[in-house]
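Colleague: Could you have a look at this structure, given as structure tokens, before my questions?
Number of protein chains: 2
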Amino acid sequence: MNVAAARSGTGVVAELFWEDLSPGRRFDLGVTEIDRDEMLAFARRFDPQWYHVDERLAAGSEYGGLIASGFFTVSLFMRAYVDGLLARAAAVASPGLEELRWLAPVRAGDRLAVTVEVVGQAPSHTKPDCGTVTLRGTMTRLAAPPEPTREALRTQFRGWFLRRR
Amino acid sequence: MNVAAARSGTGVVAELFWEDLSPGRRFDLGVTEIDRDEMLAFARRFDPQWYHVDERLAAGSEYGGLIASGFFTVSLFMRAYVDGLLARAAAVASPGLEELRWLAPVRAGDRLAVTVEVVGQAPSHTKPDCGTVTLRGTMTRLAAPPEPTREALRTQFRGWFLRRR
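From first to last, the protein sequence lines stand for chains A and B.
Okay, so the first sequence: first residue is 517 according to my numbering, each after it adds one.
Okay, so the second sequence: first residue is 517 according to my numbering, each after it adds one.
Below you can see the structure in the form of structure tokens.
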């Protein structure tokens with residue numbers, strides 16, 4: 517692998533490699549806003565439970581209105597992770613998530629601040645030109661009075677990244 | 517909670533309750549086919565990594581062509597789980613996933629057989645009218661010669677379900 521021309525996750529020249537992703541390094545991935553039409557379209561296709569798609573039932577429930585599918589929320593996390601980190605990093609692939617928790621309801625119009633932090637780094641046993649990085653991601657629902665700021669999503673996952681040498 | 521009128525995950529009368537979801541019980545959730553246009557649209561919006569969205573780069577890579585975003589695949593798992601189980605069950609919500617693994621690439625046209633099996637059952641400490649169920653889900657990519665049948669996704673997650681009494 518020619519590191520000088522190694523591709524980032526979005527296909528441009530990578531600037532971040534496995535060695536750069538040391539534990540404690542933290543990336544601010546910006547703020548994502550929940551679009552009502554998209555939230556509803558996603559739920560109708562992938563997660564048509566009543567509290568995601570039926571406004572009348574949701575309004576009369578403990579939720580007080582429609583809440584986002586957790587898979588919509590985590591898909592928005594992924595987009596922020598691609599834009600904010602993988603677009604610059606020599607990312608190879610991910611074997612999966614070790615944890616995914618939905619901690620608070622997410623609603624249309626909510627603004628979620630996204631971060632990711634490196635919590636582990638190890639050479640790969642199966643891919644000698646790669647290393648494994650363990651990351652912890654969060655989405656924090658920003659205050660929208662009377663609702664306070666609250667952690668809405670937490671995940672821990674691994675990714676493979678190319679080594680510099 | 518009036519159990520006789522308890523709602524299923526899709527808002528109709530529930531027929532399955534926490535007591536019914538005992539360890540070892542297995543549900544066949546049918547076969548999901550991967551639509552190329554939808555796979556690509558999902559990746560462009562939520563996971564625009566080159567091996568999900570750039571046909572030319574993907575064709576010249578180890579993947580030999582575009583592969584699905586893992587979040588598209590797990591969203592299709594969710595849909596099959598709603599249609600095949602939550603539509604009948606007194607489901608309340610899910611706190612999240614304990615594991616999610618992408619084990620083999622998924623491509624346009626692939627057919628994935630979906631199952632879910634109960635692996636644990638416990639009363640809820642925080643919600644006396646509910647119980648917790650731990651489930652293991654799988655998506656198996658059916659043979660498309662020369663590709664053999666292979667497990668493509670595995671997940672373990674918890675759900676809260678209403679008790680009968």
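Every residue gets a Cβ at the ideal spot worked out from N, C-alpha and C, and that includes glycine.
(1) When you compare only the Cα positions, how much space is there between F543 (chain A) and W534 (chain A)?
(2) Give the DSSP-derived three-state secondary structure of G675 (chain A) in the structure shown.
(3) Tell me which residue opens and which closes the alpha helix (DSSP H) that R561 (chain B) is part of.
(4) Go ahead and pull the three-state DSSP assignment for G647 (chain B).
(5) Starting from A575 (chain B) and walking both ways along the beta strand (DSSP E), at which residues does that stretch end?
(6) Since L651 (chain B) and E667 (chain B) are thought to touch, with beta carbons under 8 Å apart, how far apart are those beta carbons, to the nearest angstrom?
(7) Can you pull out the residues from the stretch 598-612 of chain A whose beta carbon lies closer than 9 Å to at least one beta carbon of chain B?
(8) Starting from the Cα of H568 (chain A), find the closest Cα among A:T656, A:Y597, A:V622 and give me that residue.
(9) If I follow the unbroken beta strand (DSSP E) through L616 (chain A), where does it start and stop?
(10) Output the distance between the C-alpha atoms of V519 (chain B) and A624 (chain B), rounded to the nearest integer angstrom.
(11) What is the rounded straight-line gap between the Cα of V598 (chain B) and the Cα of E615 (chain B)?
(12) Alpha carbons only, please: which of B:E549, B:G580, B:K643 is nearest the one belonging to R677 (chain B)?
(13) Could you give the residue range of the beta strand (DSSP E) that holds F543 (chain B)?
(14) By the three-class DSSP mapping on this structure, what secondary structure does L669 (chain B) have?
(15) Is the shortest distance between the beta-carbon of M655 (chain A) and the beta-carbons of chain B less than 8 Å?
Modeller: Based on what the coordinates show:
(1) Spanning the two alpha carbons is a distance of roughly 15 Å.
(2) DSSP places G675 (chain A) in strand when its eight states are reduced to three.
(3) Per DSSP, R561 (chain B) belongs to the alpha helix (DSSP H) from 552-562.
(4) Strand, per DSSP.
(5) From DSSP, A575 (chain B) is part of no beta strand (DSSP E) but of the alpha helix (DSSP H) over 571-575.
(6) Taking 8 Å as the upper bound for CB-CB distance, L651 (chain B) and E667 (chain B) are not in contact here, some 16 Å apart.
(7) Sequence-ordered contacts of the stretch 598-612 of chain A with chain B read V598, D599, L602, A603, A607, A609, S610, P611, G612 [C-beta pairs closer than 9 Å].
(8) If we check each option's Cα against that of H568 (chain A), A:V622 comes out closest.
(9) 607-618 is the span of the beta strand (DSSP E), which, as asked, contains L616 (chain A).
(10) Confidence at V519 (chain B) is low in this model, with a pLDDT of 46, below 50, so its placement is unreliable and no value can be given for it.
(11) Computed Cα separation, rounded: 19 Å.
(12) Reading off the sequence shown, one finds Phe at residue 677 (chain B), where the question assumed Arg. Taking only the C-alpha atoms, the option nearest F677 (chain B) is B:K643.
(13) That run of the beta strand (DSSP E) goes 542-549.
(14) In this structure, L669 (chain B) counts as strand in the three-state DSSP scheme.
(15) Answer no: the Cβ-Cβ gap between M655 (chain A) and chain B never drops below 8 Å.
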